[in-house]
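Those letters in the sequence shown? Residues 6 to 126, per the working numbering, in order. Note that the Cβ used here is the ideal one computed from N, Cα and C, for glycine as well. Right, one structure below, let's go through it.
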Amino acid sequence: MESPRAVVEEFFDRMGDDRRATIDELFHDDAVITLPGASFEGPDAPESFLAYLEPRYEWAAKEFDRWVVDGSTVVSIGRLYGVDTDGEAFGDVRYVDVYEVEGGRIAALDIWNDLAVEGVV
Numbered sequence: 006m007e008s009p010r011a012v013v014e015e016f017f018d019r020m021g022d023d024r025r026a027t028i029d030e031l032f033h034d035d036a037v038i039t040l041p042g043a044s045f046e047g048p049d050a051p052e053s054f055l056a057y058l059e060p061r062y063e064w065a066a067k068e069f070d071r072w073v074v075d076g077s078t079v080v081s082i083g084r085l086y087g088v089d090t091d092g093e094a095f096g097d098v099r100y101v102d103v104y105e106v107e108g109g110r111i112a113a114l115d116i117w118n119d120l121a122v123e124g125v126v
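Here's what the structure looks like:
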């Protein structure tokens, strides 16, 4: 079985390439995804999460500052950068993601970021 951090890194890899639509394979059927302004749960949570993100910016990526792993909890801390829906580049936007990984799949994902504070969304 993959380590919790390996599962989270696979999630990041898929979010950044043509496998984005396959992220549901990495989540439990009763997963909960919470981020500023929205929460999704159940088998459709990953798909609903992607649909929620789609109109918010043209693209976004993460620069990882550090990882904290404690058993099944994985925390990723870093900076977001990308292009907003007006075509304006943004960068250096703080984020913290907290994952609970159980049995090789993500059971919960809590996302915090400063996109709204920075005027991106």
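Residue from the options whose Cα sits closest to the Cα of residue i
i: asparagine 118; options: Asp89, Ile82, Glu30, Thr27; result: Ile82
i: glutamate 30; options: Glu68, Ala66, Glu52, Pro60; result: Glu52
i: lysine 67; options: Asp102, Ala56, Pro41, Glu59; result: Asp102
i: glutamate 15; options: Leu120, Ala121, Val106, Val122; result: Val106
i: isoleucine 87; options: Ile111, Val126, Pro41; result: Position check: residue 87 holds glycine in this sequence, whereas isoleucine was assumed. That would be Val126, whose Cα lies nearest to the Cα of glycine 87.
i: tyrosine 100; options: Arg25, Tyr57, Pro41; result: Pro41
i: valine 98; options: Phe32, Asp70, Ala43; result: Asp70
i: glycine 47; options: Ile116, Ile111, Gly21; result: Ile111
i: arginine 25; options: Asp34, Leu58, Ser8; result: Leu58
Distance between beta carbons of residue j and residue i, contact taken as under 8 Å
i: isoleucine 38; j: leucine 114; result: 5 Å
i: glutamate 63; j: aspartate 23; result: Glutamate 63 to aspartate 23, Cβ: 16 Å. No contact.
i: valine 12; j: glycine 109; result: 6 Å
i: alanine 65; j: alanine 50; result: Incorrect: roughly 19 Å between the Cβ atoms, too far for contact.
i: leucine 85; j: leucine 55; result: Not really, about 16 Å apart at Cβ, beyond 8 Å.
i: arginine 19; j: tryptophan 72; result: With 8 Å as the limit, arginine 19 and tryptophan 72 do not qualify as a contact, their Cβ atoms being about 18 Å apart.
Start-to-end residues for the alpha helix (DSSP H) that takes in residue i
i: serine 53; result: 50-58
i: valine 12; result: 9-20
N- and C-terminal bounds of the beta strand (DSSP E) containing residue i
i: aspartate 97; result: 94-107
i: glutamate 63; result: 62-75
i: glycine 87; result: 78-89
i: valine 37; result: 32-40
i: leucine 120; result: Unbroken run through leucine 120: none, as it is neither H nor E.
i: alanine 43; result: 43-46
Segment contact, 8 Å Cβ cut-off, at least three pairs: the stretch 91-98 with the stretch 70-80: no
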